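Since the structure comes first, as C-alpha cells, the remarks are kept for the end.
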Amino acid sequence: KELLNAKGPFDRANLGPQIILLRVPKEAEKTSEIIPQRYGGVETSFARGINEGEERDTLLLVTDKKLSEPLSIRDIKEAFLIRKNFIDVYRTLRTDLPIILFKLLPEGWKEITIRIYDTEKRYEENIERVLLVLEDLDLGYVVSEGWDWDYPRPFMRIKVYKIKLITWEDPPRIKFLLKGLEYRGYQRFADIDVFVEKKKIPWVEVAKDYSSKFELAKAAREELESLLSENTKKKLHEIEDKLLSEANSQKKP
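Residue numbering for the sequence shown follows the working numbering, starting at 21 and increasing by one per position.
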C-alpha cells in the first residue's frame, strides 16, 4: 500500500506463489526425482521460484530441519515450482505423504500406532502433549491421526485417538518415553499405548529394571524431562498444571 501511494517508478505489482514447507529425513536423496514426477514441479531456487512463480502457483520448499523452529534460507535443501494452486497441492501432499516418505526413507524405518485413551475425555490436552514430545524429540513423522475404536475386552468398545508415526527409533524406546506422559507423580493423565503391526507393546516389556508401573513411569518422566527443550517443557507443564487444577477443583465438595 505504501509503495503504491509513493507512486514509484513501476508498472505493476505481481503476487508471488504461495509456499509449502515439506520436511524430509536428513538421509533423503530422491526428492529431486519424486517431486517432479508426482507433481510436475520444476526444480529451482528459493529466489527464482519467488520471482518466476505466479499467484496461482505453489512453491514447495524442502528442508530437513524441524518446522517448529525458525528456518533460514540456508536450511532450504531444495525448491520446486509447481504450476498448481496451493489448496490442490496441499491436499495431495497430505494424502501422498506416506507414499512419499516410503520412497524417500532409508531402510530400517517402522510404522507404529499410538493410541490415547482418557476416561475424563480430556483429549485435546493429551493429544497436544503427545505431539509436543514427538516433535521436540524428533521421534518420527506423523502421517495420519484421527478417532478409532478399541476393544479392551469382549463386548466392550471404547473411543480412542490414534496417531500413526513413521520412525527410526526402537518402538519400545518410544513406549518408554511416552510412559512418562501417562503420569506426573501419582497423578494419571491418560493411557498411551504403542502398537507395532497391530500388536500392543506391554509395559512390562520396557519395565525390566523396575518393580512397578509407577516406578517405570517415574523413571520415564525423569528421562523425558531431561531430553525436552526448555520451551517444550514449559508448554507441557502449563498444560498439565491446568489438567491437575481442573481435576482438583472437581474433587472439592
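Every residue, glycine too, gets a C-beta built ideally from N, C-alpha and C. Every value quoted in this text rests on a predicted model; they were computed, and no experiment measured them.
Secondary structure of residue i, DSSP reduced to three states
{"i": "I120", "result": "helix"}
{"i": "D168", "result": "strand"}
{"i": "E89", "result": "coil"}
{"i": "H257", "result": "helix"}
{"i": "D213", "result": "strand"}
{"i": "K21", "result": "Because K21 carries a pLDDT of 48, less than 50, the predicted location of this residue cannot be relied on, and no value is offered for it."}
{"i": "L35", "result": "coil"}
{"i": "R94", "result": "helix"}
{"i": "R43", "result": "strand"}
{"i": "A237", "result": "helix"}
{"i": "E250", "result": "helix"}
{"i": "E144", "result": "helix"}
{"i": "K228", "result": "coil"}
{"i": "E189", "result": "coil"}
{"i": "E75", "result": "coil"}
{"i": "I194", "result": "helix"}
Proximal residues to residue i (C-beta, below 8 Å), its chain only, five neighbours per side dropped
{"i": "L159", "result": "V153, L185, T187, E189, I194, L197"}
{"i": "I70", "result": "G36, P37, L79"}
{"i": "W223", "result": "K195, K199, K233, L236"}
{"i": "I54", "result": "I120, K123, L124"}
{"i": "T51", "result": "V44, V82, K97, E98, L124"}
{"i": "Y206", "result": "F234"}
8 Å contact criterion, which residue i and residue j should meet: CB distance rounded
{"i": "Y181", "j": "W167", "result": "6 Å"}
{"i": "Y143", "j": "I40", "result": "Contact flag wrong, Cβ pair sits at about 28 Å."}
{"i": "G200", "j": "A240", "result": "4 Å"}
{"i": "E245", "j": "K238", "result": "Incorrect: roughly 11 Å between the Cβ atoms, too far for contact."}
{"i": "I132", "j": "F215", "result": "6 Å"}
{"i": "F209", "j": "L247", "result": "Incorrect: roughly 19 Å between the Cβ atoms, too far for contact."}
{"i": "D213", "j": "K220", "result": "6 Å"}
{"i": "L113", "j": "L42", "result": "7 Å"}
{"i": "E225", "j": "P192", "result": "6 Å"}
Short Cβ contact (8 Å threshold) for residue i with residue j
{"i": "G73", "j": "P37", "result": "yes"}
{"i": "D229", "j": "Y137", "result": "no"}
{"i": "E98", "j": "E75", "result": "no"}
{"i": "F66", "j": "I107", "result": "no"}
Same chain, Cβ closer than 6 Å to residue i, neighbours up to 5 away in sequence not counted
{"i": "K46", "result": "D84"}
{"i": "N105", "result": "R76"}
7 Å CB neighbourhood of residue i in its chain, flanking five on each side removed
{"i": "I102", "result": "Y59, G60, G61, D77, T78, L80, V109"}
{"i": "S164", "result": "K184"}
{"i": "S88", "result": "E155"}
{"i": "I259", "result": "E145, E148, R149"}
{"i": "D95", "result": "T83, K85"}
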